[in-house]
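Undergrad: According to the numbering used here, the stretch in the sequence shown is residues -13 to 527, in order.
Encoded as structure tokens, here's the structure I'll be asking about.
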Amino acid sequence: MDRFSSKFGLSRRLVLGLAAAGALSACGGEEVPVIPGVESEVGQQAVGRAEQALAAHLDKAAQALGTARAEFVSKGLQRDELGFEHTRFQQTFRGVLVFGGEAIVHHEPGGVLQAITDDFRPGIQVDVTPRLSAAEAISKAISLHGGFDLLTAPPESELVIYRDDNGRDFLTYKVQLRQEDGTEHTSMPVKLIDAHTGELVFEYDNLQTATGTGSSLYSGTVSVTTLLYNSTYYLEDTTKRIGTFDSRNTTSSVYRFADADNVWNSTTQRAGVDAHFGATKTYDYFKNVHGRNGIDGNGGPGYFSAINGATTLISSRVHYGSNYNNAFWNGSLMTYGDGDGSVFSPLVAVDICGHEMQHGVTERTAGLIYSGESGALNESWSDVFGAMVERYAYGESSDTWKIGEDAYTPGTAGDALRYMDDPHKKAGGGYTSNDDPCHYSERYTGTSDNGGVHINSGIGNKAFYMVAKGGTHHLSGITVTGIGADAAAKIWYRALTTYMTSSTNFKGARAATLNAAASLYGSTSAQYNAVATAWLAVGVF
Ligand code: L5W
Ligand code: ZN
């Protein structure tokens, strides 16, 4: 086995496996219709007509320049929605592809030649017998990049002719490297190595991300990382491996968000901008604060494929269903409804995105069963980290401790779905005498809401709030000295990922957070003491 096979054999199979699973097939809407079967008689006639037109055009150019006529091969025929036919051609020279040498022949409906787009390089002059082998050129490219160990996929190479800005032609190996490791060095370097001398002739990064501008619903004008592919931008970040998709008010179809100018400001794009922003902030928060790479800790889970097919993406879909007053994590991706405009506006506020992605993190770590006390802890951990992501994105304020305030009851200012500082501010559920509970003695013990997962979450939320901010509990009268949200979140994250199991209950959560505090700060620390006192304050001991 060569060094490429031994390093990349497995990941290559995995990539193929994902493609075969057909994640991309769920996406539609962006495809340009291609005439079925260029090999068909009609298709062949159209290509033949375009070939003749191009040959005549090139004859004229060659005569004018006194050179031989350029060679070409056809690359395919497309018919657009107006019935125009566009046939693409690749320039070659003595059988070698000419980098960037392309032409398109455009025919109107009915077959009248409309125009020829000509980007051929006329009068190529180069020796097409390479002195270097492909392996030598690849080695050169890898050493220029910084070494084999940085690569995450096997290098690929092809012989091409490159014409520089001064009109000089070079026979080169075009070497494609990939370093898709989620670091800031993530890149797809392309290096054109002179096939005669081994010199670097030209290089660029083929990782086609771009920074666009988005008009979000809740976060103002934000930067969004997008992907440029075939002259169109997509709401896809292939570095962080995050993609946002549009359900277009259905529950079964998914389309790509596409934009021509990378300014994302149309009505339907705005919720997409929020979800993309929310997913990015959540990703950044976990990476930068807790050292966690994505939901699964491994940069994923990827669901839909990026438009360039290079990778799968941590995926969000927005505009799900019609007037849908909810958002969810389904084990694979995040889904956001538009709300009915009365109970909710689109549920894509940054804390809701953080809440949903945290469900993914919980699933991939402790796996808290979504029922009863473990379910209430599952919900509480989602509220806590949704709040921490909002705090990371906006800074801390009284809104930090409100859940879903930006999207909840758009007609009522200042209210929220839940309140971590005082869960009793949430009224009207009727599950307890004073919804939501903030003390274990007030807990809901009925069967609604999976045994009160969104109700008893108040107990965990209040415990976290008291650890972070301190205060005196209204029922127990116990006072906690807060240690700040950063330390509290560190303890809560460690408790979940290290000390909790699928069946952890409130008592177990107390033990888990105490173990986490002890290992992080010591068992005589102020942090440990705050955790112990806060659980005592909310009646868990
Ligand atoms: C609203 C949409 C989902 C409620 N999910 C929730 O478990 C929601 C957070 C914001 O609690
Ligand atoms: Zn939830």
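All C-beta atoms in this analysis are idealised placements derived from N, C-alpha and C, irrespective of residue type, glycine included.
Which one or two residues does DSSP pair with G86 in a beta bridge?
TA: G86 is not bridged to any residue.
Undergrad: Thinking C-beta only, is W387 closer than 8 Å to D407?
TA: yes
Undergrad: When the Cβ atoms of the region 124 to 142 are set against those of the region 81 to 93, are three or more pairs found closer than 8 Å?
TA: no
Undergrad: Where does A502 fall in DSSP's three states?
TA: helix
Undergrad: Does DSSP put P175 in a helix, a strand or coil?
TA: In the structure shown, P175 adopts extended strand secondary structure according to DSSP, grouped into three states.
Undergrad: R35 and G97 look like a contact to me (Cβ under 8 Å); what is the Cβ gap, rounded to whole Å?
TA: Contact holds; Cβ gap of about 7 Å.
Undergrad: Taking DSSP as the reference, what is the three-state secondary structure of E27?
TA: helix
Undergrad: From the DSSP output, in three-state form, read off S209 for me.
TA: strand
Undergrad: Quick check for students: name the residue ranges of the alpha helix (DSSP H) that lie wholly in the region 279 to 350, counting only runs of 4 or more.
TA: 336 to 350
Undergrad: For L214, does the three-state DSSP call read helix, strand or coil?
TA: strand
Undergrad: Apart from the five residues just before and just after P22, which ones in its own chain have a Cβ nearer than 7 Å to its Cβ?
TA: Caution is warranted here: a pLDDT of 30 is assigned to P22, below 50, making its placement in the model unreliable, and the coordinate value is therefore given only provisionally. Nothing meets the Cβ criterion.
Undergrad: With H, G and I counted as helix, E and B as strand and the rest as coil, what does DSSP make of R429?
TA: In the structure shown, the three-state DSSP call for R429 is coil.
Undergrad: So, A261 versus Y219, is the Cβ gap smaller than 8 Å?
TA: no
Undergrad: Please go through the same chain and pick out, in chain order, the residues whose beta-carbon is closer than 7 Å to the beta-carbon of T158, but skip the five residues on each side of it.
TA: V146, Y148, L178, I179, D180, A181 and V187
Undergrad: Can you check which of these residues, N316, I300, D324 and V304, is closest to Y310 by C-alpha distance?
TA: Residue nearest to Y310 within the set N316, I300, D324 and V304 is D324 (criterion: CA-CA distance).
Undergrad: Grab me the residues of G198's own chain with a C-beta within less than 8 Å of its C-beta, minus the 5 sequence neighbours each way, in chain order.
TA: Correct list, in chain order: S209, V210, T211, T212, Y219, D245, N248, V249 and W250.
Undergrad: Over what stretch of residues does the beta strand (DSSP E) that includes I147 continue unbroken?
TA: E142 to R149
Undergrad: How about P332 and L203: do their beta carbons lie closer than 8 Å?
TA: A contact, by the Cβ cut-off of 8 Å.
Undergrad: Would you kindly work out how many angstroms separate the C-alpha atoms of Y426 and I355, rounded to a whole number?
TA: Distance between the alpha carbons of Y426 and I355: 19 Å.
Undergrad: State the CB to CB distance for the pair F535 and V112, rounded to an integer number of angstroms; the pair is presumed to be in contact (CB under 8 Å).
TA: A question about residue 535 goes unanswered here, because the residues of the chain that appear run from -13 up to 527.
Undergrad: Skipping 5 residues on each side, what residues in its chain have a beta carbon closer than 8 Å to that of M257?
TA: Before going further, note that residue 257 is Ala rather than Met in the sequence given. Around A257: L203, V304, H305, Y322, D324, P332 and V334.
Undergrad: Under 8 Å, do T254 and I228 count as touching if we go by C-beta distance?
TA: no
Undergrad: Looking at the unbroken alpha helix (DSSP H) that takes in I128, where does it start and where does it end?
TA: A120 to H131
Undergrad: Taking the beta carbon of L118 as the centre, do at least 16 other beta carbons fall within 10 Å, making it buried, or is it exposed?
TA: buried
Undergrad: Determine the DSSP secondary structure at S60, reduced to helix, strand or coil.
TA: strand
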